[in-house]
Each structure stands twice: as structure tokens, then as C-alpha cells.
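Colleague: Pasting a structure below so you can have a look.
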Amino acid sequence: MRDADEVRNHTLRTFQDLTQRMSQIMGRRDRVSVSFGGTLASAALLKNERYHINLPAFPAGTIMSEHDYRVYNGYIDHESAHLRWTDFRAFKGKDKKPILKHMVNLVEDIRIENKQIDTYPGSRKFLDALCWHVDTEDKVKNKAETQADKVLGLIYKEAYAKYRDIDTNVVDDWLGDYKQLEPIEKYMAKEMPKLETNKDTMRIAKGIVKLLPKDIDWPKPPPEEKILLLVISGGTSKEQKEAVAAAIKVLEEAAKHNDKHEGRKQVLITLVGHIEKENKKAAQVKDALPEQGPVYPPCATHHDRVFVPSRENMFQYEKARNSCSTEITASKKMLSMYLRSRANKSWSRGLEEGELDVSQLHNLVAFGSTKIMKERRSRDYMNTAVLLLVDCSNSMHAGTTRTAAIILAEALNTIKWLKLEIAGFTTNDHYYKKLKDCGRMIGIDIMLHKGFDEPYVKVRSRLGAISTSGFTPLGEAYGHGFERLMVRKEVRRVLWILSDGEPCLELANDKHSEYELMRRCHGKCRQYGIETIGTYIGWNHRNSLKKYVDRYSCIQEIEEMPTALLEIIRGMTK
């Protein structure tokens with residue numbers, strides 16, 4: 012069970028906590044903010060003269076491999092190099108044509124990475140890992156390249172191989188293999204060694220753009236964002252019909268050239284879902300699109316919070332505890348009797364010392380064996396860490412939630428070999444709408460009502476202040492719970508989820524699936540030896556947790572809590 016120790020130090024949230032300080036040190040900037048969201052990394056100077064870095068985000072429960080660790084460090088080194096070496100004001104207000112912007116980014120990336128490697132030689136392995144990662148992703152995305160994509164790939168390969176000293180696999184050819192592109196190769200060979208400042212970046216980028224062939228159909232920004240807005244928002248009937256017709260046209264193009272525009276692919280299913288169902292042409296286009304497997308897009312973690320709630324209410328705790336005192340007493344007695352009965356349940360037989368075992372006397376007479384003694388065997392329970400995740404969404408009744416948490420906390424706190432943590436989960440009122448490829452844009456709140464090492468008597472007032480609000484991010488909470496248990500050193504670790512309904516979350520991308528995230532987190536818990544328990548509270552029994560936990564129970568009334576708790580403890584002590 013301890014083979015996961017090396018991985019535990021690489022949980023994503025723990026790594027994210029260090030990135031802001033690392034970015035400040037590497038970029039030599041004090042006022043740096045770091046956010047996580049989407050699939051792209053970027054660095055910018057904000058209006059308030061603060062520097063900002065955005066890094067790709069992964070869903071809760073992600074375990075970073077060694078490769079992921081190197082790639083993320085590459086992102087940090089690359090973006091912090093922009094903070095240190097790029098004069099953002101020099102590029103502000105410049106021509107923002109897509110092809111020129113692309114070329115400026117490429118040349119500037121070469122410049123700042125070379126400077127970063129000269130300053131911090133250890134950065135090379137991380138920047139190289141990032142480069143290989145991006146190359147692999149681009150090669151997958153561009154299976155059916157257009158002529159324009161091929162030319163841009165050739166320039167990218169030429170720049171990185173000759174002026175950044177790293178081989179790439181985006182394309183197999185070189186600029187010199189095409190006579191039409193030889194002027195670009197000669198220009199880069201002459202000017203790239205002179206690349207030192209931001210002015211050199213702009214000058215070289217403009218020079219490359221001027222030498223590009225004029226007869227190539229360079230990609231233009233796809234119109235699907237405006238179309239999607241019209242389709243979803245509705246508007247007048249004329250606008251609606253025009254939006255539907257435009258959406259059909261976009262879908263037809265995407266069906267023919269599925270890999271031509273990545274941005275268009277991301278909204279295909281969304282567009283189809285909003286087109287009128289009776290439109291037969293839309294159904295035909297949808298059938299022409301290739302089937303896609305389950306995809307889990309990144310989430311926006313800008314407004315996620317893990318905190319100890321400041322609200323306390325000892326009066327409410329005493330009131331709830333008195334109302335369920337019968338259930339608490341019953342739970343404690345049942346647990347105490349059961350654990351005492353298990354403490355000295357078995358005998359060690361066939362010993363030469365101890366108490367006489369009458370059942371073994373025949374061995375003495377028949378075979379002359381002296382191993383006829385027995386001895387009581389004490390059961391030493393394994394140290395166990397239990398994380399109780401309590402659903403604090405609007406679908407839960409605040410009083411029921413508070414009472415259930417208090418009953419479980421009072422009962423489990425009596426077990427000496429068990430470490431208990433209680434956390435509530437819900438969503439907050441903050442959204443991040445800037446990222447277009449996010450699976451989730453609403454913020455998640457994880458409220459730590461009791462820590463593993465906190466005495467129960469000091470946190471009772473926090474349990475009395477438990478309230479309900481927001482949506483039900485079951486998948487995200489599952490991932491957070493998995494992350495918190497991964498760093499525990501107890502021999503046994505248990506994740507216990509208390510909820511009353513289906514996952515419910517406001518999304519920015521309809522490919523996002525809380526059920527898929529729950530399935531993945533359950534698989535990871537099994538892989539790393541974390542036991543999972545699900546308890547449903549309520550009358551509308553939907554079995555939303557049953558498929559995603561190892562053990563499952565359903566409680567319709569609080570009075571049933573002691574019996575259900577005993578059944579679960581029996582499973583934990585087997």
C-alpha cells in the first residue's frame with residue numbers, strides 16, 4: 012500500500028500553491044498573480060500595472076506524472092521569462108493581424124527562452140519538455156494540415172531547430188526543401204543571430220511575413236463564436252433563422268475539413284444541440300461528424316477556495332446535538348459494544364505455552380504433540396484517516412445536513428485509532444467567463460470544518476454554523492477529497508461522501524461531465540488504496556453515488572443513522 016508515496020508529493024494542488032512564488036523569483040517581478048484555467052498558458056501586463064500569468068488547469072484529483080511535472084515547470088519558466096525579458100508596452104497597440112501576431116510570438120519565444128537558458132541553465136530540461144509536449148499536441152491536432160499550416164510548421168521547425176537548438180516533430184521537411192520558401196530561410200539565417208531586443212523581434216517578424224507566399228489561404232478567425240451567441244440568445248426570428256443557417260454552414264465545413272480549425276471543432280456539438288430538432292439538414296450534418304469519445308475539458312480554478320470557515324454557532328450546535336441525542340448515544344453504544352467484541356475475538360491455538368486447549372488433547376494422546384495450549388489474540392486496528400465530505404448545496408436541508416454531520420462526528424470521534432476530517436463542499440457566486448475552452452467556470456468552495464489534527468471540542472461551534480447554498484459539484488469534491496487523503500500517512504484511508512442528489516453544476520462547455528470525473532476519481536482511489544463510502548440522505552433515492560463508491564448506504568430518516576453507521580464500521584474493521 013505504500014507504493015504511492017513518491018506520487019503523493021506531486022498532487023496538482025500542492026504544486027499549484029508554489030507556482031506564484033516561483034514565477035515571482037524567476038521573472039524578478041514582485042506584483043505577479045497566477046491563475047489556472049483553460050488549455051493555454053499566457054503572460055500579460057494588466058491595466059493596474061500588475062503582471063499576470065495563466066497556466067493550464069486540470070480537474071480536481073489529477074496526479075502529476077514526472078512528465079507533467081517537467082512540462083508545468085516549463086510553462087512557469089517560459090511565462091516568467093516573458094515577465095523578465097519581454098517589454099509588453101513595446102507590443103501594445105501594434106498591428107494584430109493573426110499571421111503577424113503568430114510570427115511575433117514565435118520569434119519572441121525563441122528570444123526569451125535563449126535568454127532564460129543562459130541565465131538559468133537548469134531551465135533547459137523543462138523548456139525542452141514543454142516544447143516536445145506542444146509539438147506532440149500540435150501534430151495530433153493537425154493530422155490533415157492545410158498548406159498554410161504546413162508553411163507555419165516549417166518556419167516553426169526552422170526557428171526552434173537552428174536558433175533554439177532543439178529538434179521538433181511538427182513537420183518532416185525543411186524550409187530549404189521548397190524553392191518558394193528559400194528567401195525566408197536565408198532571411199532567418201541572416202537576422203535571427205542578431206535577435207537581442209523587443210525591437211529586433213518586431214522587425215524580424217515583419218520581415219518574415221513580407222516574404223510569405225501571397226497565394227496561400229492563410230487561416231482567418233472562424234465566425235462560430237458570434238454564431239453560437241446568436242443561436243443561444245435567440246433574438247428576433249429573422250436573426251434566429253440566419254444564425255441557424257450560418258451554424259449549418261459552419262457544421263458542413265467542419266464535417267468536410269474536421270481538422271482544419273481547432274476552434275471550430277470545440278463548438279460543433281454545442282451548435283448542433285441548439286439547432287432546431289426538426290431541422291433534418293442539421294441531423295444529417297451531425298451524422299457526418301466523427302464520433303467522439305468522452306472528453307474532459309480543463310476547468311477554470313480562478314475562484315476555487317479551500318478555507319476554514321470563520322462562522323461559528325455554538326448555540327446551534329447544542330440545539331442540534333440535543334435534538335439528536337438519542338441517535339448519538341445509540342451510535343456510541345453500538346460502536347463501543349461492537350469494537351469491544353472484536354478486540355479479543357480470536358484465539359491463537361497450537362502453542363506450547365498459555366491456557367490449556369481441551370480441543371487439542373487428542374493430539375497429545377495420539378501423536379505426543381505438546382502444542383496443546385492456546386492464547387487470546389488481541390486485535391490491533393490499523394491507524395485510519397477518514398475524510399467526511401458533506402454536501403452543502405441548496406438541495407440539502409441545512410438542519411438535516413448539520414444533524415447528520417454532528418451524529419457522525421460525535422460517534423467517530425470516540426474511536427481512538429481513527430483520525431477524522433470534516434469538509435463541506437458547494438459552489439460560490441464567482442464566475443470566470445474569459446476562457447472559452449473551460450469545462451467549469453463557476454468557483455468551488457471546500458470548507459474545512461474540522462482538520463485531521465484538530466481536537467473535536469474546539470471545532471464543535473463550526474459544525475453548528477453549517478449552512479447550505481449553491482450547486483452540487485460532486486465530481487470536483489470527490490477529486491479534492493482524493494487529493495487531501497493522498498498526503499496522509501495512515502495505513503488506511505477512507506473517503507466518505509454524504510449527499511442527497513445528483514451532481515449539478517453550471518458549465519461553460521457541455522463536454523464536461525461530473526459523472527465522468529467521479530468515475531475517474533473512483534478509479535484513482537482504488538489504484539492508490541483509498542476506500543470510498545457513499546451515504547444518500549433523502550426520500551428521492553436516485554443512486555447517484557452507488558456506482559462510484561466501494562460501499563453504499565441510504566438513509567431516509569436521521570433515526571436510521573446509528574444502524575447505517577454500524578454497518579459501515581463493520582466493513583471498515585474487517
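Heads up, this note's numbering is the position in the sequence shown plus 11, with the first residue counted as 1.
Even for Gly, the Cβ is constructed at its ideal location relative to N, Cα and C.
What is the DSSP secondary structure of residue 501, counted as helix, strand or coil?
Modeller: coil
Colleague: Using the beta-carbon count (16 or more within 10 Å), is residue 69 buried or exposed?
Modeller: The residue in question, residue 69, is buried, as its Cβ has 16 or more Cβ neighbours within 10 Å.
Colleague: Cβ atoms of residue 511 and residue 548: under 8 Å apart, would you say?
Modeller: yes
Colleague: What's the gap between the Cα of residue 125 and the Cα of residue 186?
Modeller: Their backbone Cα atoms lie some 22 Å apart in a straight line.
Colleague: Near residue 151, what residues of its chain come up, given a Cβ to Cβ distance below 7 Å and the 5 sequence neighbours on each side ignored?
Modeller: Reliability of the predicted coordinates at residue 151 is poor, the pLDDT of 43 falling under 50, and the value obtained from them is presented with this limitation in mind. Closer than 7 Å at Cβ, skipping near neighbours: no residue.
Colleague: Can you tell me the Cβ-Cβ gap for residue 3 and residue 576, rounded? I've got them flagged as a contact below 8 Å.
Modeller: Limits of the chain in this structure are 12 at one end and 585 at the other, which puts residue 3 out of reach.
Colleague: Are the CB atoms of residue 460 and residue 434 nearer to each other than 8 Å?
Modeller: yes
Colleague: Relative to the C-alpha of residue 221, which candidate in 335, 568, 114, 368 has its C-alpha closest?
Modeller: 114
Colleague: Measuring straight from C-alpha to C-alpha, what distance separates residue 320 and residue 218?
Modeller: 57 Å
Colleague: Is the Cβ-Cβ distance between residue 368 and residue 483 less than 8 Å?
Modeller: no
Colleague: Are the beta-carbon atoms belonging to residue 523 and residue 451 less than 8 Å from one another?
Modeller: yes
Colleague: Spatial neighbours of residue 347 within its chain, please: C-beta separation below 8 Å, excluding the five flanking residues on both sides.
Modeller: Contacts found: 425.
Colleague: Out of curiosity, what's the CA-to-CA distance linking residue 568 and residue 441?
Modeller: Approximately 34 Å, taken between the alpha carbons.
Colleague: Following the continuous alpha helix (DSSP H) through residue 199, name the residue where it begins and the one where it ends.
Modeller: 193–202
Colleague: Measure the CB-CB distance between residue 91 and residue 65 and report whether it falls below 8 Å.
Modeller: Against a cut-off of 8 Å, the Cβ pair of residue 65 and residue 91 comes out as no contact.
Colleague: In chain order, what are the residue ranges of uninterrupted beta strand (DSSP E) at least 3 long that sit wholly in the stretch 51–102?
Modeller: 53–56, 62–66
Colleague: Just checking my contact of residue 472 with residue 572 at CB under 8 Å: how many whole Å lie between their CB atoms?
Modeller: Rounded, the Cβ-Cβ distance is 22 Å, inconsistent with contact.
Colleague: Excluding the 5 residues flanking residue 375 on each side, which residues of the same chain have their C-beta closer than 6 Å to its C-beta?
Modeller: 383
Colleague: Can you tell me whether residue 464 is buried or exposed, with buried defined as 16 or more other CB within 10 angstroms of its CB?
Modeller: The residue is exposed, with fewer than 16 neighbouring Cβ atoms inside 10 Å.
Colleague: Can you give me the C-alpha to C-alpha distance between residue 93 and residue 416, rounded to a whole angstrom?
Modeller: 49 Å
Colleague: Tell me, to the nearest whole angstrom, how far the beta carbon of residue 62 is from that of residue 141; I am working on the premise that it is less than 8 Å.
Modeller: Their Cβ separation, rounded to whole angstroms, is 20 Å, which puts residue 62 and residue 141 out of contact at 8 Å.
Colleague: Let me check you understand the geometry: is the CB of residue 147 closer than 7 Å to at least one non-hydrogen atom of the ligand SAM?
Modeller: Absence of the ligand SAM from the depicted structure is noted, as is the absence of any ligand whatsoever, leaving it without description.
Colleague: Can you tell which of 560, 539, 385, 57 has the C-alpha that lies nearest to the C-alpha of residue 74?
Modeller: Cα-wise, what sits closest to residue 74 is 539.
Colleague: Quick one: what does DSSP say residue 321 is sitting in, helix, strand or coil?
Modeller: coil
Colleague: If we ignore side chains and look at the alpha-carbon of each, how far apart do residue 179 and residue 503 end up?
Modeller: Between residue 179 and residue 503, the C-alpha separation is close to 46 Å.
Colleague: I'd like the list of long-range same chain contacts for residue 431, defined as Cβ closer than 6 Å, with 5 residues on each side in sequence excluded.
Modeller: Leaving aside the five residues that flank residue 431 on each side, the residues in its chain whose CB is nearer than 6 Å to its CB run, in chain order, 397, 423.
Colleague: Since I believe residue 97 is in contact with residue 209 (beta carbons under 8 Å), could you give me their beta-carbon distance rounded to a whole number of angstroms?
Modeller: 7 Å
Colleague: Quick one: Cα of residue 79 to Cα of residue 137, how far?
Modeller: CA-CA distance, residue 79 to residue 137, rounds to 10 Å.
Colleague: In the DSSP output, which residue or residues are listed as bridge partners for residue 366?
Modeller: 385
Colleague: Is residue 407 helix, strand or coil by DSSP?
Modeller: coil
Colleague: If distances are taken between C-alpha atoms only, which option among 177, 410, 362, 190 comes closest to residue 477?
Modeller: Minimum Cα distance to residue 477 is reached at 410.
Colleague: What separation, rounded to the nearest whole angstrom, lies between the Cα atoms of residue 438 and residue 480?
Modeller: One alpha carbon belongs to residue 438, the other to residue 480, and they sit about 8 Å apart.
Colleague: Under three-state DSSP, which class holds residue 576?
Modeller: helix
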